[in-house]
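Peer 1: Provided herewith is a single structure, encoded as structure tokens, for subsequent inquiry.
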Amino acid sequence: MAVEGNDNTSQRNENALLEVGAAYCLDIPVIIVTDSELPSDIRGNLYVDAPKSANKEINYDQLRSILFERMKEAVNYNPRSSKRFIVHGYATRGDVDFFSLIKRCHNRIDLLTTNLGFLVTNEIYEKNNKKYTLLDILATELSKKNEHFKMRILTLDPDSNFTNDRALALEKERREFREHMRDDLETVKKFITSDDFPVMAEMRTYDAFPLQMVYFFDNIVVSSVVSNSRSSRECNTYIHRLNAPNAKNTYEDHFGKLWLQPGTKIFATNRKKTDRKKFWEIIPDQ
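Counting in the working numbering, the sequence shown runs from 89 upward without gaps.
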């Protein structure tokens with residue numbers, strides 16, 4: 089597998105990036121050919137730094153020679169694991185069965201995203217001819233979790249300079265885009281800081297260029313990249329488990345580093361113990 093990197097991130101191909109991430113996660117050889125520095129989250133086993141002449145033009149004869157050697161290395165590469173790992177793919181994030189993922193989750197939910205619109209406004213679950221948002225599902229199911237259950241949410245700071253970049257990339261008016269982000273932040277803040285919220289929870293905002301959207305439900309990962317041309321919720325989305333060889337490095341370590349990164353701010357927290365009463369039964373059992 090090969091992918092070319094260049095300085096024009098508007099040409100970023102989200103499907104190619106997902107394929108690179110999935111291959112690295114499964115310890116499959118990845119050859120990355122680039123004439124520029126790569127974002128830190130893009131990892132490969134075998135790099136080819138395109139050789140250039142004095143006038144900064146790529147020397148294709150040297151490039152072919154180097155690439156041939158890297159391809160020979162890839163053929164002889166021995167993966168650390170011979171197991172097969174199944175990755176489920178979906179056309180959009182809304183096609184994922186989040187109700188089942190949340191219902192079967194026993195220990196933790198971690199959400200890394202660029203904004204909270206998908207939680208607050210997208211109706212992704214239907215029952216008895218009525219539609220519900222991800223926030224509705226959480227409100228219904230969290231009261232059924234054990235007392236040690238934890239939820240963390242990490243989202244882009246509306247006041248970050250990167251929010252301007254995101255608005256421009258999506259062809260949105262910047263001020264309106266920020267206001268929508270702030271409104272959704274306040275909605276989720278009220279949700280997790282309510283007196284009868286049943287689990288420990290914390291929400292933080294980060295100030296960094298967003299590279300991927302990742303939701304964790306115990307050891308199950310729902311992921312997609314942040315496309316530079318459209319909303320990530322409309323991009324291909326994949327589900328797999330953290331037991332793949334490099335999955336922890338690719339996803340969980342990235343979340344942990346961003347959670348503790350300077351510039352990341354605590355926006356809302358709830359560490360109170362509750363009486364475990366029925367939280368908000370928004371979605372009926374029957």
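Cβ coordinates follow ideal geometry from the N, Cα and C atoms, glycine included.
#1: Starting from Y326 and walking both ways along the alpha helix (DSSP H), at which residues does that stretch end?
#2: With DSSP as the reference, please indicate the residues paired to H176 in a beta bridge.
#3: Under a three-way DSSP split, which group does D224 fall into?
#4: Roughly how many angstroms lie between the CA atoms of F305 and K238, to the nearest whole one?
#5: Rank A255, L256, M291 by C-alpha distance to the C-alpha of I354 and give the top, closest one.
#6: Provide the residue span of the alpha helix (DSSP H) that contains S188, from first to last.
#7: Please classify A335: is it buried, with 16 or more other beta-carbons within 10 angstroms of its beta-carbon, or exposed?
#8: When the Cα atoms are used, what is the spatial distance from E261 to D247?
#9: For D198, which beta-bridge partners are listed by DSSP?
#10: To the nearest angstrom, how far is it from the Cα of S282 to the Cα of V184?
#11: Residues in its own chain within less than 7 angstroms of H268 by CB, not counting five upstream and five downstream?
#12: Reducing DSSP to helix, strand and coil, say where E340 ends up.
#13: Starting from I212, trace the beta strand (DSSP E) both ways and give me its first and last residue.
#14: Which residue's Cα is closest to the Cα of I308: S320, S188, V276?
#15: Leaving out five residues before and five after H194 in sequence, what residues of the same chain have Cβ atoms less than 8 angstroms from its Cβ?
#16: For the beta strand (DSSP E) that contains N249, what are its first and last residues?
#17: Could you pull the start and end residues of the alpha helix (DSSP H) that R158 belongs to?
#18: Within the continuous beta strand (DSSP E) that includes I280, where are the two ends?
#19: Could you please give the first and the last residue of the uninterrupted beta strand (DSSP E) stretch that includes F355?
#20: Going by beta-carbon coordinates alone, are N358 and A255 separated by less than 8 angstroms?
#21: Does A289 come out as helix, strand or coil in the three-state DSSP assignment?
Peer 2: From the atom records:
#1: That residue, Y326, is in no alpha helix (DSSP H); its beta strand (DSSP E) goes 325–329.
#2: I327
#3: helix
#4: 11 angstroms
#5: M291
#6: 186–191
#7: buried
#8: 14 angstroms
#9: R240, F304
#10: 28 angstroms
#11: G205
#12: helix
#13: 211–215
#14: S188
#15: K233, N234, F237, D306
#16: Segment 249–257 is the alpha helix (DSSP H) holding N249; no beta strand (DSSP E) there.
#17: 148–163
#18: Careful: I280 lies outside any beta strand (DSSP E), inside the alpha helix (DSSP H) at 262–280.
#19: 353–358
#20: no
#21: strand
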